[in-house]
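Structure first, commentary second.
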Amino acid sequence: MNVLVVLAIILFVLMALIGGGKGIRSFVALFLNFGVLLLTIIIMSIPTINPLIPTLMACTVISCINLFYINEVNRKTKTAFLSTMITIVLLLFFIIMVTEKAKIQGFGEEETEEISAFSLYVGVDFVKVAACMIIMSAIGSIIDVAISIASPINEIYRHNPSISRKALFTSGLKIGRDILGTDTNTLFFAFFGSYLGLLIWFKDLSYTFGEIINSNVFSAEIINILCAGIGVALIIPITAWITSYSLVKQERKSKGIRK
Amino acid sequence: MNAILNKLKNMTPIQIGFYIVLVICFVVSIIFVTHNHAHYDSPIAKVTEANLVNTEEVTDINDNQDKRFMQDIMAELQNGQAKGQQIHLENEYSSSGAYDQEYEVGDELFVSIDENKEDNNLTGSITDVKRDKYIVFVAWIFIFVLLIVGKKQGLFSIISLAVNATLLTYALDVYVNTESMRLLWVCGISAVLFTVISLLIVNGFNEKTYTAIISTLLGTFLCLAITYFVLWITSENGLRYEEMEFLTRPYKAVFLAGLLLGSLGGVMDIAITIASSIFGLYESNHQISIRELKTSGMNIGKDIMGTITNILFFVYISGSIPMLILYFNNGSPVVFSLSMNLSLELARALAGGIGIVLTIPIGVYTAIFFVKRKKAKS
Numbered sequence: 001m002n003v004l005v006v007l008a009i010i011l012f013v014l015m016a017l018i019g020g021g022k023g024i025r026s027f028v029a030l031f032l033n034f035g036v037l038l039l040t041i042i043i044m045s046i047p048t049i050n051p052l053i054p055t056l057m058a059c060t061v062i063s064c065i066n067l068f069y070i071n072e073v074n075r076k077t078k079t080a081f082l083s084t085m086i087t088i089v090l091l092l093f094f095i096i097m098v099t100e101k102a103k104i105q106g107f108g109e110e111e112t113e114e115i116s117a118f119s120l121y122v123g124v125d126f127v128k129v130a131a132c133m134i135i136m137s138a139i140g141s142i143i144d145v146a147i148s149i150a151s152p153i154n155e156i157y158r159h160n161p162s163i164s165r166k167a168l169f170t171s172g173l174k175i176g177r178d179i180l181g182t183d184t185n186t187l188f189f190a191f192f193g194s195y196l197g198l199l200i201w202f203k204d205l206s207y208t209f210g211e212i213i214n215s216n217v218f219s220a221e222i223i224n225i226l227c228a229g230i231g232v233a234l235i236i237p238i239t240a241w242i243t244s245y246s247l248v249k250q251e252r253k254s255k256g257i258r259k
Numbered sequence: 001m002n003a004i005l006n007k008l009k010n011m012t013p014i015q016i017g018f019y020i021v022l023v024i025c026f027v028v029s030i031i032f033v034t035h036n037h038a039h040y041d042s043p044i045a046k047v048t049e050a051n052l053v054n055t056e057e058v059t060d061i062n063d064n065q066d067k068r069f070m071q072d073i074m075a076e077l078q079n080g081q082a083k084g085q086q087i088h089l090e091n092e093y094s095s096s097g098a099y100d101q102e103y104e105v106g107d108e109l110f111v112s113i114d115e116n117k118e119d120n121n122l123t124g125s126i127t128d129v130k131r132d133k134y135i136v137f138v139a140w141i142f143i144f145v146l147l148i149v150g151k152k153q154g155l156f157s158i159i160s161l162a163v164n165a166t167l168l169t170y171a172l173d174v175y176v177n178t179e180s181m182r183l184l185w186v187c188g189i190s191a192v193l194f195t196v197i198s199l200l201i202v203n204g205f206n207e208k209t210y211t212a213i214i215s216t217l218l219g220t221f222l223c224l225a226i227t228y229f230v231l232w233i234t235s236e237n238g239l240r241y242e243e244m245e246f247l248t249r250p251y252k253a254v255f256l257a258g259l260l261l262g263s264l265g266g267v268m269d270i271a272i273t274i275a276s277s278i279f280g281l282y283e284s285n286h287q288i289s290i291r292e293l294k295t296s297g298m299n300i301g302k303d304i305m306g307t308i309t310n311i312l313f314f315v316y317i318s319g320s321i322p323m324l325i326l327y328f329n330n331g332s333p334v335v336f337s338l339s340m341n342l343s344l345e346l347a348r349a350l351a352g353g354i355g356i357v358l359t360i361p362i363g364v365y366t367a368i369f370f371v372k373r374k375k376a377k378s
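The listed protein sequences derive, respectively, from chains U and E. Take the first sequence: its letter number 100 is residue 100 in our numbering, and every next letter is one higher. Take the second sequence: its letter number 347 is residue 347 in our numbering, and every next letter is one higher.
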């Protein structure tokens with residue numbers, strides 16, 4: 001038996017047992033996401049295509065899967081979707097600037113052994129690939145924050161329709177603050193878990209602090225974590241604002257019709 | 001402008017002091033990283049002139065088209081005995097830039113100086129880019145964004161990140177310096193410390209935190225145990241350890257320890273969400289029945305388990321994007337490339353998902369245990 005198959009079956013059974021119908025949808029969404037991600041990587045590897053285009057398209061599709069498929073199309077998911085897209089585009093500009101400046105694309109010296117068998121002149125722009133990689137690693141948590149803010153703001157509004165736009169926005173920010181810490185933590189541990197080998201490598205080969213900080217692999221990883229964290233923080237006010245704006249605007253419109 | 005002034009007026013002296021210290025730290029650290037050349041042993045040169053001397057179209061054995069460029073670079077040494085002298089460097093780069101890059105005027109590079117120098121014309125070769133200032137710069141943006149958006153909670157999360165990073169480095173030091181220490185033990189003990197410290201920093205000493213700590217630890221170690229068991233019954237069939245990068249230690253230990261740390265964050269996330277919502281419900285209505293608490297807790301868990309598992313999937317898999325592109329463009333079949341590059345990442349993500357889902361009932365029942373105790377007391 002294959003490890004991955006067994007783990008996937010266990011995950012499916014658990015999700016179905018504990019989550020019921022929604023659990024099964026979550027599991028299916030995982031595999032759809034995985035498929036989209038793979039397809040994107042395959043398209044990205046075509047040299048004539050700018051990697052940013054498939055990445056942005058993939059972000060759109062992935063947001064649709066995670067918001068509309070798992071949670072249905074409604075006001076909550078629509079505003080969450082809009083906020084996600086705005087955040088991603090803003091973040092992407094920043095990330096491209098940083099990756100170009102810091103030259104953290106491609107492979108580092110520590111990876112020479114792995115890549116020695118390959119031709120490196122593949123014609124794909126690795127600077128853009130690096131930017132895409134950072135966006136992709138953050139997309140999961142960005143969507144997570146968007147829906148976890150949009151949904152409670154809608155609940156507050158439902159229980160208290162006379163609430164002002166500003167009060168809605170403030171309560172959205174407050175909810176966001178509670179999620180901020182746990183989501184940055186999730187990202188942090190996921191990154192360090194996957195680069196544990198690198199950290200031990202640095203210690204075993206007694207790299208100096210300066211060598212570690214300036215090495216391609218390490219700085220790429222740190223910048224990746226930090227940019228993902230910036231994305232998670234940025235989406236909080238964006239979602240809070242868009243959701244409260246659209247809710248209160250809708251209210252005024254319906255009042256106008258009644259008049 | 002008035003709003004800003006009003007805000008300033010409403011601040012306590014402690015807050016004002018904090019912001020002043022923060023700004024001082026920011027300025028000092030930026031000045032330091034832009035002028036720290038003397039602290040490096042290896043020579044650093046700043047590019048003053050970069051000229052393109054040669055362009056060449058290349059086609060590799062897999063028919064990939066690329067361009068190769070030659071650059072002639074003059075740079076000024078920033079440290080060491082030859083400080084202030086010009087050095088002549090050559091740089092070869094491609095438009096794809098997988099292992100090379102173009103340099104522009106103003107870039108700072110680590111170089112090695114050739115020994116046989118004639119008159120004033122130093123020559124040398126480029127070894128790496130000085131990236132520290134960019135890291136510090138992005139780190140400050142991260143800190144500011146977190147503080148502006150998150151206020152106090154933002155500060156707490158920065159503190160807990162810093163504490164966790166320090167702890168992790170210390171734990172790895174202990175591991176590397178002690179011959180007999182097993183990596184999994186070191187990481188297991190660190191995981192307990194991470195959980196206790198992060199949750200206490202953010203939530204303080206109360207039943208909510210204890211619930212979150214207990215369910216995080218149970219969830220993470222149960223997840224590790226299940227993975228261990230699966231590896232054992234399948235005799236690790238389908239895992240490609242040979243593709244693990246940066247290995248100086250037994251691969252299986254590194255893999256499992258990474259899996260433990262990686263799932264810890266996601267499990268902690270779901271544990272704290274469930275704990276705080278159940279205690280929130282109880283605080284707002286002391287008469288609420290245990291049954292209702294259980295249903296609400298499970299419902300919240302259902303809502304978020306998909307998105308948190310997704311976070312792990314995306315983080316793990318996007319790390320392999322550059323390597324996958326290299327495989328695909330070097331004519332490796334898709335299935336082979338995927339199994340080579342993604343088996344470990346997928347295993348980690350699936351195992352993390354198992355931990356996350358399992359933590360939902362664990363968290364609900366632990367919270368109910370504490371709520372019952374509270375009810376009995378009152």
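Idealized CB from N, CA, C, for every residue including glycine. Bear in mind that the values here come from a model prediction, so they are computed numbers and not experimental data.
Which two residues bound the contiguous alpha helix (DSSP H) that contains R373 of chain E? As a first step, residue 373 of chain E must be located in the second sequence, where it is residue number 373. Start and end: V334 to K377.
Could you tell me whether any non-hydrogen atom of the ligand ATP is closer than 7 Å to the CB of G35 of chain U? Looking for the ligand ATP in the displayed structure turns up nothing, as the structure carries no ligands at all.
For G124 of chain E, the first and last residue of its enclosing beta strand (DSSP E): For the purposes of this step, residue 124 of chain E is taken as residue 124 along the second sequence, with counting starting at 1. Where G124 of chain E is concerned, the enclosing beta strand (DSSP E) starts and stops at L122 to V129.
May I ask you to list the residues that DSSP assigns as paired with Y316 of chain E? As a first step, residue 316 of chain E is located in the second sequence; it is residue number 316 there, counting from the start. DSSP lists no partner for Y316 of chain E.
S320 of chain E: buried (16+ other C-beta within 10 angstroms of its C-beta) or exposed? One-based indexing of the second sequence puts residue 320 of chain E at position 320. A residue is called buried when at least 16 other Cβ atoms come within 10 angstroms of its Cβ; S320 of chain E meets this threshold and is buried.
Note down, in chain order, all residues in the stretch 106 to 120 of chain U with a beta-carbon under 7 Å from any beta-carbon belonging to chain E. For the stretch 106 to 120 of chain U, which is checked against every Cβ of chain E, the residues closer than 7 Å are G106, F107, E110, E111, E114, I115, F118, S119 and L120.
When the Cα atoms are used, what is the spatial distance from G21 of chain U to V315 of chain E? Counting from one through the first sequence, the residue named residue 21 of chain U turns up at place 21. Counting from one through the second sequence, the residue named residue 315 of chain E turns up at place 315. Cα-Cα distance, rounded: 26 Å.
Just the C-alpha distance for L226 of chain U and L259 of chain E, rounded to the nearest angstrom, thanks. In the first sequence, the residue the question calls residue 226 of chain U occupies position 226. In the second sequence, the residue the question calls residue 259 of chain E occupies position 259. Cα-Cα distance, rounded: 21 Å.
Let me check understanding here. Comparing Cα to Cα, which of U:V6, U:V13, U:N66 and U:L14 lies closest to F34 of chain U? Residue numbering aside, residue 34 of chain U sits at position 34 when the first sequence is read from its first letter. Each of U:V6, U:V13, U:N66 and U:L14 was checked against the Cα of F34 of chain U, and the nearest Cα belongs to U:N66.
Could you give the distance in angstroms between the alpha-carbon of G23 of chain U and the alpha-carbon of K151 of chain E? As a first step, residue 23 of chain U is located in the first sequence; it is residue number 23 there, counting from the start. As a first step, residue 151 of chain E is located in the second sequence; it is residue number 151 there, counting from the start. Taking the Cα positions, G23 of chain U is about 34 Å away from K151 of chain E.
With three or more C-beta pairs closer than 8 Å as the rule, is the stretch 218 to 232 of chain U touching the stretch 82 to 96 of chain U? At 8 Å Cβ cutoff, the stretches touch.
Under the assumption that M340 of chain E contacts E243 of chain E (Cβ atoms under 8 Å), give the Cβ distance between them as a whole number of angstroms. Residue mapping note: residue 340 of chain E aligns to position 340 of the second sequence, counting from 1. Residue mapping note: residue 243 of chain E aligns to position 243 of the second sequence, counting from 1. Correct: roughly 5 Å between the Cβ atoms.
Spatially closest choice to S137 of chain U from U:T184, U:Y157, U:N214 and U:L120, by CA coordinates: As a first step, residue 137 of chain U must be located in the first sequence, where it is residue number 137. Taking only the C-alpha atoms, the option nearest S137 of chain U is U:T184.
Alpha-carbon to alpha-carbon, P51 of chain U and T77 of chain U: Numbered from its first residue, the first sequence carries residue 77 of chain U at position 77. Numbered from its first residue, the first sequence carries residue 51 of chain U at position 51. T77 of chain U and P51 of chain U: Cα-Cα distance of roughly 27 Å.
Range of the contiguous alpha helix (DSSP H) that encloses E155 of chain U: The sequence position of residue 155 of chain U within the first sequence is 155, counting from 1. Element bounds for E155 of chain U: F126 to H159.
Report yes or no: is there a C-beta of chain U within less than 8 Å of the C-beta of N54 of chain E? Reading the second sequence from its first residue, position 54 is the one you call residue 54 of chain E. Taking Cβ atoms only, chain U never reaches closer than 8 Å to N54 of chain E, which makes this a no.
C-beta atoms of I142 of chain U and T87 of chain U nearer than 8 Å: As a first step, residue 142 of chain U is located in the first sequence; it is residue number 142 there, counting from the start. As a first step, residue 87 of chain U is located in the first sequence; it is residue number 87 there, counting from the start. Going by C-beta atoms, I142 of chain U is nearer than 8 Å to T87 of chain U.
Measuring CB atoms only, is the stretch 118 to 137 of chain E touching the stretch 81 to 98 of chain E, in the sense that at least three cross pairs come out at less than 8 Å? Between the stretch 118 to 137 of chain E and the stretch 81 to 98 of chain E, the count of C-beta pairs closer than 8 Å reaches three or more; the two stretches touch.
Say whether chain E places a C-beta atom closer than 8 Å to the C-beta of S171 of chain U. In the first sequence, counting from the first residue as 1, residue 171 of chain U sits at position 171. No, its Cβ sits nowhere closer than 8 Å to a Cβ of chain E.
At a cut of 8 Å, does the stretch 46 to 65 of chain E reach the stretch 19 to 33 of chain E through at least three beta carbon pairs? The stretch 46 to 65 of chain E is not in contact with the stretch 19 to 33 of chain E.
Exposed or buried, what is A8 of chain U when buried is set at 16 or more other beta-carbons lying within 10 Å of its beta-carbon? The sequence position of residue 8 of chain U within the first sequence is 8, counting from 1. By the C-beta density criterion, A8 of chain U is buried, having at least 16 other C-beta atoms within 10 angstroms.
Rounded to the nearest angstrom, how far is the Cβ of G363 of chain E from that of A271 of chain E, given a contact under 8 Å? Position 363 of the second sequence holds residue 363 of chain E. Position 271 of the second sequence holds residue 271 of chain E. About 5 Å; that satisfies the 8 Å criterion.
Have a look at U:A29, U:N2 and U:M1 and flag the residue whose alpha-carbon is nearest the alpha-carbon of G353 of chain E. If you number the second sequence from 1, residue 353 of chain E lands on position 353. With distances taken between Cα atoms, G353 of chain E lies closest to U:A29.
Closest to H39 of chain E by CA distance: which of E:L184, E:A165 and E:D132 is it? Numbered from its first residue, the second sequence carries residue 39 of chain E at position 39. Residue E:D132 holds the alpha-carbon nearest to the alpha-carbon of H39 of chain E among E:L184, E:A165 and E:D132.
Could you give the first and the last residue of the continuous alpha helix (DSSP H) run that contains I98 of chain E? On the second sequence, residue 98 of chain E is found 98 positions in, with the first residue counted as 1. Here residue 98 of chain E turns out to be Ala, not Ile, going by the sequence shown. It is not in any alpha helix (DSSP H) - A98 of chain E carries neither H nor E in the DSSP assignment.
In chain order, what residues of the stretch 224 to 252 of chain E put their CB closer than 9 Å to some CB of chain U? The stretch 224 to 252 of chain E vs chain U, Cβ under 9 Å: I226, T227, V230, L231, I233, T234, S235, E236, N237, G238, L239, E243, M244, E245, F246, L247, T248, R249 and Y251.
Using the C-alpha atoms, what's the distance from C132 of chain U back to R258 of chain U? Indexing the first sequence from 1 puts residue 258 of chain U at position 258. Indexing the first sequence from 1 puts residue 132 of chain U at position 132. Note that R258 of chain U has pLDDT 48, beneath the 50 cutoff, so the model's placement of it is unreliable and no number is given.
So which of E:Q101, E:A347, E:I368 and E:G331 has the shortest CA-CA distance to D63 of chain E? Taking the first residue of the second sequence as position 1, residue 63 of chain E is located at position 63. Selection E:Q101, E:A347, E:I368 and E:G331 evaluated against D63 of chain E yields E:G331 as nearest (Cα-Cα).
Comparing the C-beta of L172 of chain E with each C-beta of chain U, is any distance below 8 Å? Numbered from 1 along the second sequence, position 172 holds the residue referred to as residue 172 of chain E. Yes, its Cβ sits closer than 8 Å to a Cβ of chain U.
Considering only the alpha carbon of each residue, which of U:W241, U:G197, U:K249 and U:T208 lies closest to L344 of chain E? Sequence index remark: in the second sequence, residue 344 of chain E carries index 344 (1-based). Considering only U:W241, U:G197, U:K249 and U:T208, the residue with the shortest C-alpha distance to L344 of chain E is U:G197.
Using CA atoms only, rank isn't needed, just tell me which of E:T295, E:D269 and E:D114 is closest to L281 of chain E. Here residue 281 of chain E refers to the residue found at position 281 of the second sequence. Ranking E:T295, E:D269 and E:D114 by Cα distance to L281 of chain E puts E:T295 first.
What does S318 of chain E reach in chain U if we use C-beta pairs closer than 7 Å? For the purposes of this step, residue 318 of chain E is taken as the residue at position 318 of the second sequence. Result: M133, M136 and S137.
Return yes when the Cβ of I311 of chain E is within less than 8 Å of the Cβ of T270 of chain U, no when it is not. Only positions 1 to 259 of chain U appear in the structure, and residue 270 of chain U is not among them; the question remains open.
Can I290 of chain E and I274 of chain E be called in contact, C-beta distance under 8 Å? Looking up residue 290 of chain E in the second sequence gives position 290. Looking up residue 274 of chain E in the second sequence gives position 274. In this structure, I274 of chain E does not lie closer than 8 Å to I290 of chain E by Cβ.
Does the pairing of the stretch 365 to 373 of chain E with the stretch 195 to 214 of chain E give three or more beta-carbon distances under 8 Å? Because the criterion of three Cβ pairs below 8 Å is met, the stretch 365 to 373 of chain E and the stretch 195 to 214 of chain E touch.
Return no unless some Cβ of chain U is closer than 8 Å to the Cβ of P387 of chain E. Given that chain E is displayed from residue 1 to residue 378, the structure contains no residue 387 of chain E and the question cannot be resolved.
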